[in-house]
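This report concerns only the one structure given below.
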């Protein structure tokens, strides 16, 4: 059991991030490989885990770039398919003055939406310790059916399920539809990574603890990881609530991939300790390590190719 530590399904796309202006005063954009599921896998690969990705890119210049990028960082690309008809999905990332981001997607359709149920590799999922997914693979019917088939296979084979809503409102027909699919994810996962604004949106509670309490009344999720940006992070496990302070950086340039880096480090701890016997000390170690790694990634452009190494994280924590 467990050829792969973590298999993820979802979007692999090009994030065009601003990188200065041209001689004519036009904004210059850098084509960074991106997509939350592969960011998670890239960080896990840096920590020595065996990872695999299920998804689709276009058979085009950017699709080739993405395939090369995930291979380069050590993610298994055997289940990355290339669509002959539909181009690779693109996202324009506009960085706001506070380092936060605004997204515009070129995805009508994009290749990542074209994954179908019959393209889901049963043996790969059955042979993984953790299966990870988000909601970008649930915005449209075909890829949603593929995602749900993968989740059902993971459940059937006793694979731990990790979910990060990673809500991108512009990609949904309506926020009601988004809420339905987020509810599906939460009700089927063992490990939920959710951000401060997502918990407020989902539960309608301003206070995070109230929001998590409300969430737990509706869904029995064994481990909930709350990322709060500049406020640090919390873990909710059984009746424990553990909070770790952030590592604030002077030289933060953008927050791309910070949540994914944080989530990946938490999954690494779950692989190390198991989900059944976590305690306050282990949860605290998990959060501090994950906060440190997430802080480092905010000092780099992009995420997938520049995840920190174990040594970098440990040196930074000292």
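Residue numbers (our numbering): 1 to 318. Think of the CB as a built atom: it goes at the ideal place given N, C-alpha and C, for glycine as much as any other residue.
Around the beta carbon of residue 248, fewer than 16 other beta carbons lie within 10 angstroms, which makes this residue exposed. The straight-line gap separating the alpha-carbon atoms of residue 316 and residue 63 is approximately 34 Å. In the same chain as residue 116, and ignoring 5 residues on each side of it, the C-beta atoms closer than 7 Å to its own belong to 142, 146, in chain order. For residue 262, the three-state secondary structure derived from DSSP is helix. Inter-segment contact for the segment 44–52 and the segment 17–34 is absent: fewer than three beta-carbon pairs are separated by less than 8 Å.
Annotation: the continuous beta strand (DSSP E) that includes residue 21 extends over 13–21. At the C-beta level, residue 105 and residue 91 come within 8 Å of one another. DSSP places residue 227 within a strand segment (E or B) once states are collapsed to three. Around residue 28, the same chain offers 18, 19, 20, 21, 22 as residues with beta carbons nearer than 8 Å, after the five sequence neighbours per side are excluded.
When beta bridges are read from the DSSP output, residue 94 appears opposite 102. Residue burial annotation: residue 203 is buried, with at least 16 other C-beta atoms found within 10 angstroms of its C-beta.
Per DSSP, reduced to three states, the secondary structure at residue 3 is coil, with no helix or strand assignment. Under the Cβ criterion (8 Å, minimum of three pairs), the segment 294–305 does not count as touching the segment 273–285.
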